[in-house]
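Taken in order, the sequence shown gives residues 14 to 406; the numbers are from this note's numbering. Don't be surprised by glycine CBs; every beta carbon is placed ideally from N, CA and C.
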Amino acid sequence: MTLTSSRLQTVRPSATVAMTDRALQLRAQGRHIISFTAGEPDFDTPAHIVDAAAQAMRRGQTRYTPVVGLAALREAVAATSTEVRRVPVTADNVIISTGAKQVLYNFFMALLNPGDEVLIPAPYWVSYPDQVRLAGGTPIIVPTSPDRDWVPHTDDLDRALTPQTRVLVLNSPANPTGAVYPRDALADIAQWASRHNLWVVSDEIYRELVYGDAAFHSPLTLAPPHHRHRILVVDGLSKSHAMTGFRLGFGIAHPDLIAAMSVIQGQSTSCATSISQAAALAALQGPNDFLPDWRNAYTRRRDQLISGLRQLPGVRCTLPAGAFYALPNISAAAARLGADATDIDLAEHLLETAGVATVPGTPFGAPGHLRFSYAVSEDTIAQGLARMADVLP
Ligand SMILES: Cc1ncc(COP(=O)(O)O)c(C=O)c1O
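This is the structure we're talking about:
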């Protein structure tokens with residue numbers, strides 16, 4: 014059967030699925046697989062958040078909500094954003110969606126026309142280019158370098174700019190690099206976007222997860238005030254509060270953009286689930302005292318993973334400052350498998366011979382790299398490193 018809308022032709026199925034499927038297959042055969050593939054925390058959702066969801070159901074909060082979300086939650090998101098980004102916003106600036114992912118999807122669908130170009134610094138989260146294509150736009154990939162800590166610079170952006178450029182996507186802390194853009198670099202980028210009158214999408218889903226001296230900054234804070242109406246902040250609790258399965262995210266933007274996005278949302282999912290919205294409100298109200306403990310755990314795991322990776326033959330790795338991913342350069346290790354061997358070949362080799370599952374960098378725009386998630390226990394990290402040391406050529 015051929016299922017072929019022309020739209021479907023523009024999107025690539027996730028290249029990471031094959032690796033995950035193979036890992037599951039091996040597990041089903043009884044192999045013990047150490048997996049570094051998770052894009053989500055391994056911690057349980059805090060009990061007070063789960064309780065709030067259960068209570069919402071018991072009191073009958075099981076019906077449609079307004080398309081843009083419950084008023085109380087929109088107000089709480091606005092208050093949190095005002096505190097974090099120090100730019101006053103109100104509930105009118107907020108849309109509640111089914112995950113940060115749907116906020117992004119709504120935006121591209123609401124804004125893009127055929128031929129519109131969207132600048133996406135690489136390495137990037139896999140869904141950005143495909144969502145842009147689905148919406149009829151053209152992703153333009155802007156390379157960044159580990160020598161500059163994976164932070165895009167305005168000279169890189171200048172080279173990618175054309176009269177068709179409409180949007181710049183930013184993601185700090187970043188998936189898959191773990192980069193956290195320093196304040197000055199981000200301010201330069203925000204000025205640049207303002208000079209060229211571009212929309213800026215700032216995906217801040219990992220903003221709570223920064224380590225050591227690194228600090229989170231938002232372009233909403235740093236942009237010239239006259240350009241703020243062209244910024245969409247994407248935020249949520251999926252990663253910070255271990256709520257990935259609740260499927261809830263927030264968009265913060267000018268009310269006109271919120272209205273446009275709500276038209277798309279109203280004709281697709283109608284609204285985020287009432288139950289998840291109750292849980293999110295509880296999460297924003299707190300307590301959030303678990304966050305420093307989780308941050309400390311991620312910091313320990315990061316340090317353990319990075320120092321272990323750096324001792325492996327043919328592996329180099331920058332120190333990620335945020336999120337929970339490491340993106341080592343493994344091109345020298347892959348080359349020892351064969352002259353043409355890629356990150357995908359090395360990922361397969363690690364899975365088949367060592368039972369270690371990783372994600373190849375190619376689908377993230379990072380050939381020659383592997384992505385490791387360190388949202389796993391220190392014991393898992395130790396075992397994974399030992400197994401890799403045994404099989405790396
Ligand atoms: C950079 C980035 N943005 C957005 C998302 C999606 O978040 P959500 O689960 O809230 O849709 C992810 C999830 O992996 C991500 O890594």
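Exercise for the section: Go ahead and label Gly112 buried or exposed: buried means 16 or more other beta carbons lie within 10 angstroms of its beta carbon, across all protein chains shown. Expected result: buried
Handout entry: Contact check, Asp169 vs Val155, beta carbons under 8 Å
Key = yes
Exercise for the section: Classify Gly225 as buried or exposed, calling it buried when 16 or more other Cβ atoms lie within 10 Å of its own Cβ. Expected result: exposed
Practice task
Return yes when at least one heavy atom of ligand 1 lies under 7 Å from the C-beta of Ile62, else no.
Solution key: no
Practice task
Mark Gly73 as exposed unless 16 or more other C-beta atoms lie within 10 angstroms of its C-beta, in which case mark it buried.
Solution key: exposed
Exercise for the section: Figure out for me which residue from Asp64, Met401, Asn119 has the closest Cα to the Cα of Gln280. Expected result: Asn119
Practice task
Check whether the Cβ of Ala113 lies closer than 7 Å to any heavy atom of ligand 1, and answer yes or no.
Solution key: yes
Practice task
Determine the extent of the beta strand (DSSP E) in which Leu398 is found, giving its start and end residues.
Solution key: It is not in any beta strand (DSSP E) - Leu398 instead sits in the alpha helix (DSSP H) that spans 391 to 404.
Problem - CB of Phe385 within 8 Å of CB of Thr371, strictly - result: yes
Practice task
Output the boundary residues of the beta strand (DSSP E) element that contains Phe385.
Solution key: 383 to 386
Problem - Reduced DSSP secondary structure (H/G/I, E/B, other) of Ser12 - result: Here the chain comprises residues numbered 14 to 406, so residue 12 is not present and cannot be evaluated.
Problem - Strand pairing of Trp163, partner residues [DSSP] - result: Note: Trp163 sits in no beta bridge, so no partner.
Problem - Backbone secondary structure at Val328 - three-state DSSP - result: coil
Problem - Reference Ala266, options Ala354, Val246, Asp162, closest by Cα - result: Val246
Problem - Boundaries of the beta strand (DSSP E) in which Phe263 is found, first to last residue - result: 262 to 265
Problem - Beta-carbon contacts of Gly351 that lie in its chain and below 8 Å, excluding the five residues immediately before and after - result: Asp358
Exercise for the section: Please work out which residues of its chain come closer than 6 Å, Cβ to Cβ, to Leu297, disregarding the five sequence neighbours upstream and downstream, and give them in chain order. Expected result: Excluding positions up to five away in sequence, the list reads Ala89, Thr93.
Problem - Whole-angstrom C-beta distance between Thr366 and Val404, which should lie under 8 Å - result: The C-beta separation of Val404 from Thr366 comes to about 4 Å, placing the pair in contact by the 8 Å criterion.
Problem - Boundaries of the beta strand (DSSP E) in which Ile244 is found, first to last residue - result: 244 to 249
Exercise for the section: Check whether the stretch 63 to 79 touches the stretch 228 to 236, taking contact to mean three or more Cβ pairs, one atom from each stretch, closer than 8 Å. Expected result: No, they do not touch.
Handout entry: Cβ distance (whole Å) where Leu124 is taken to contact Val182 below 8 Å
Key = Not confirmed; about 12 Å, so no contact.
Practice task
Run the proximity test for Thr93: is its beta-carbon closer than 7 Å to any non-hydrogen atom belonging to ligand 1?
Solution key: no
Problem - Span separating the alpha-carbon of Thr331 from that of Ser283 - result: 42 Å
Exercise for the section: Could you check what DSSP says for Glu11 in three-state terms: helix, strand or coil? Expected result: Nothing can be reported for residue 11: it is not among the residues displayed for the chain, which extend from 14 to 406.
Practice task
Tell me, please, whether the stretch 336 to 343 touches the stretch 186 to 194 by the rule of three or more beta-carbon pairs shorter than 8 Å.
Solution key: yes
Practice task
Could I get the ranges of all uninterrupted beta strand (DSSP E) runs contained in the stretch 111 to 138, with 3 residues as the minimum, in chain order?
Solution key: 130 to 135
Handout entry: Ile319: first and last residue of the uninterrupted alpha helix (DSSP H) it sits in
Key = 303 to 323 is the span of the alpha helix (DSSP H), which, as asked, contains Ile319.
Exercise for the section: Spell out the partners DSSP gives Pro101 in its beta bridges. Expected result: Per DSSP, none; premise fails for Pro101.
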